[in-house]
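Residue 201 in numbering that gives the first Met the number 0 sits at position 202 of the sequence shown, and the numbers go up by one each step. Note that the Cβ used here is the ideal one computed from N, Cα and C, for glycine as well. As the structure is a computational prediction, the values presented were derived from the model and not from experiment. Read the structure below first, then the notes.
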Amino acid sequence: MEDISVSDFNNYSLSSHFASKLKEVEKSINALSDVLFSKIMLDKNKEIKEIHIITKDCCNPKKVSRDIESLLIAQHDIAVDYRKISIAQIKEENDYLKRLKFSDAKVSSNEGRFQVTVTLENQGKKFEGKIDCVNWSNNREFIIARATLDAITSFLNGKVFFQIDEIKQFKMHEKGIVLISVNLIDSQGKENLIGSALIKENINNAIVNAILKAVNRRISFK
Numbered sequence: 000m001e002d003i004s005v006s007d008f009n010n011y012s013l014s015s016h017f018a019s020k021l022k023e024v025e026k027s028i029n030a031l032s033d034v035l036f037s038k039i040m041l042d043k044n045k046e047i048k049e050i051h052i053i054t055k056d057c058c059n060p061k062k063v064s065r066d067i068e069s070l071l072i073a074q075h076d077i078a079v080d081y082r083k084i085s086i087a088q089i090k091e092e093n094d095y096l097k098r099l100k101f102s103d104a105k106v107s108s109n110e111g112r113f114q115v116t117v118t119l120e121n122q123g124k125k126f127e128g129k130i131d132c133v134n135w136s137n138n139r140e141f142i143i144a145r146a147t148l149d150a151i152t153s154f155l156n157g158k159v160f161f162q163i164d165e166i167k168q169f170k171m172h173e174k175g176i177v178l179i180s181v182n183l184i185d186s187q188g189k190e191n192l193i194g195s196a197l198i199k200e201n202i203n204n205a206i207v208n209a210i211l212k213a214v215n216r217r218i219s220f221k
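See below:
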C-alpha cells in the first residue's frame, strides 16, 4: 500500500479506493501488540477527528498512545495529536470468556478415506468441525486445519470465512514448532493472522493450538 499523507484525509471523495486505504491504516494499528481493535473517525471536513482504540486493562494507555503516534508517522506519514486517540480498556478475564479452547481432535483413515473431527469449547458449549475426504497423505495438515477453522466458523455462526494460507514446521532449540498463516475474510475485507505452537503430543494438536492462537484475539470482537 502506498503511504497515506495527512493531505489524503482532506478534500477527498469517499471512494472504495480511499476506503480500502483507511482500512489498511486501521489494520496496521491493530497489528500493535497491545491493540485489540481500532476505528478511525473523520469529521465533516474529512480530517481525522478521533481514533478509537480497545486494549486489555493490563496495558499502559500512554504507551499505547505513543506507539500509535509513532506508527502513523513512520509508516503512513500521518501526524495525529495524541488527544485525538481515545483508549477504552476491557478486563482480560472477559476477553478470555469469549475465546475458544481446544477440546479434542480425532483423526482416522479407512478404505482410502480420511476423517477428521476437531472439537472446540467455549463456556461449556462444544463446536465441531468435521471433514471426510480422500486420504491424501501430503495434505493431512491442511485437512486438520480446515476442520479446525470449520469449528471456529460454527462458533461464529458463519459471520466470517477463513482461508488457510500456509503451514510450516521448523525446529528451534531442538523443539518442533508449527507456524500457520490464516486469512480472515468478512464484510470489511481480508486480514492475515499468524499463530504458532510447540509440537508436544502430536502435530494434529499443535495445528489446532496454532490456529487458535492466530484467531482468538480477533474473534473476540466478531
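{"Check": "Close-in-space but distant-in-sequence residues of the same chain around GLN227 (CB under 6 Å, 5 per side omitted)", "Outcome": "The first residue shown for the chain is 0 and the last is 221, placing residue 227 beyond what the model contains."}
{"Check": "Cα-Cα separation, GLU256 to SER186", "Outcome": "In the structure as shown, the chain starts at 0 and stops at 221, and residue 256 therefore has no counterpart that could be examined."}
{"Check": "Inter-residue spacing [alpha-carbon to alpha-carbon] between LEU99 and ASN44", "Outcome": "42 Å"}
{"Check": "Where the alpha helix (DSSP H) through LEU148 begins and ends", "Outcome": "139-154"}
{"Check": "Spatial distance of SER108 from ASN137 (CA atoms)", "Outcome": "14 Å"}
{"Check": "Span of the alpha helix (DSSP H) around SER186", "Outcome": "Taken as a continuous stretch (DSSP letters only), SER186 belongs to no alpha helix (DSSP H), as it is neither H nor E."}
{"Check": "Expected contact under 8 Å - CB spacing of GLY194 and LYS170 to nearest Å", "Outcome": "Their Cβ separation, rounded to whole angstroms, is 18 Å, which puts GLY194 and LYS170 out of contact at 8 Å."}
{"Check": "Exposure label - ASN208; buried when at least 16 CB within 10 Å", "Outcome": "buried"}
{"Check": "Contiguous alpha helix (DSSP H) assignments of at least 4 residues, all confined to the segment 14-85", "Outcome": "15-29 and 60-75"}
{"Check": "From LEU31, ARG82, CYS132 and SER153, residue whose alpha carbon lies closest to that of GLY111", "Outcome": "CYS132"}
{"Check": "Opening and closing residue of the beta strand (DSSP E) in which ASN121 lies", "Outcome": "112-121"}
{"Check": "Selected residue, minimal CA-CA separation from TRP135, among LEU41, ILE143 and PHE161", "Outcome": "ILE143"}
{"Check": "ASN208 - containing beta strand (DSSP E), residue span", "Outcome": "ASN208 -> not in any beta strand (DSSP E); alpha helix (DSSP H) instead, spanning 202-218."}
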